[in-house]
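> With full-length UniProt numbering, you'll find the sequence shown wraps up at 159, consecutive numbering, no jumps.
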Amino acid sequence: QLVSLINNIETISSTPLTQQTQSILNQINNIRYEKNKNSECRIIVVANPKPDKAIITKISVEEGIPVRFSVQTMFSDTNFNAEQRADLPTNIKDIQSLYQKMTKLYIEHSENKNRMKVFAGTNFIDFNMTGQNLSGFVLTLSRFYFEDLLNINFTDANL
Numbered sequence: 001q002l003v004s005l006i007n008n009i010e011t012i013s014s015t016p017l018t019q020q021t022q023s024i025l026n027q028i029n030n031i032r033y034e035k036n037k038n039s040e041c042r043i044i045v046v047a048n049p050k051p052d053k054a055i056i057t058k059i060s061v062e063e064g065i066p067v068r069f070s071v072q073t074m075f076s077d078t079n080f081n082a083e084q085r086a087d088l089p090t091n092i093k094d095i096q097s098l099y100q101k102m103t104k105l106y107i108e109h110s111e112n113k114n115r116m117k118v119f120a121g122t123n124f125i126d127f128n129m130t131g132q133n134l135s136g137f138v139l140t141l142s143r144f145y146f147e148d149l150l151n152i153n154f155t156d157a158n159l
């Protein structure tokens, strides 16, 4: 389901999400972009998550463009891992674009009260984002609430 979500990320943000996809997005507690880690985009999904085991989405890139990503499913009660690999669609092979689209999709659709924590630890300077880009990316979304601003550590985000 999440592989399908990534593959259709251009169109899915403007359409109603299935209950399963909505549930997946609501479980995500953090989306991290890491530079110089490895050449794989890895998304970790925790099935039947315990409250202290939210999904963490890690997007890692070494140098150049990642061409594959994996979705790793962990069952929190058994620690059993299942992994699914897929090629990244051509239109989201740019890691910056992928991160922004994942974050935008999550903020638009997730009902997780901590959804703005997707910005934690993110270096926006690497993204070469301007204030105008950021406002169009987040601040104009219908589900952006003022109190969410209180959850963002702007120092850590290097804004």
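Heads up, the beta-carbon is just placed ideally off N, CA and C, and yes, glycines get one too. Computed from a predicted structure; not experimentally measured.
According to the Cβ coordinates, are Ile6 and Thr103 closer than 8 Å?
No. Outside cutoff.
> Does Asn29 come out as helix, strand or coil in the three-state DSSP assignment?
Strand, per DSSP.
> Taking the CB atoms as reference points, tell me whether Leu25 and Tyr106 lie closer together than 8 Å.
Taking 8 Å as the Cβ cut-off, Leu25 and Tyr106 qualify as a contacting pair.
> Would you kindly work out how many angstroms separate the C-alpha atoms of His109 and Arg115, rounded to a whole number?
Distance between the alpha carbons of His109 and Arg115 is about 10 Å.
> Let's test the definition: count the other Cβ atoms within 10 Å of the Cβ of Lys101 and tell me whether it reaches 16, buried, or not, exposed.
Buried, because 16 or more other Cβ atoms sit within 10 Å of the Cβ of Lys101.
> Between the C-alpha atoms of Asn112 and Ser97, what's the straight-line distance to the nearest angstrom?
Their Cα atoms are separated by approximately 23 Å.
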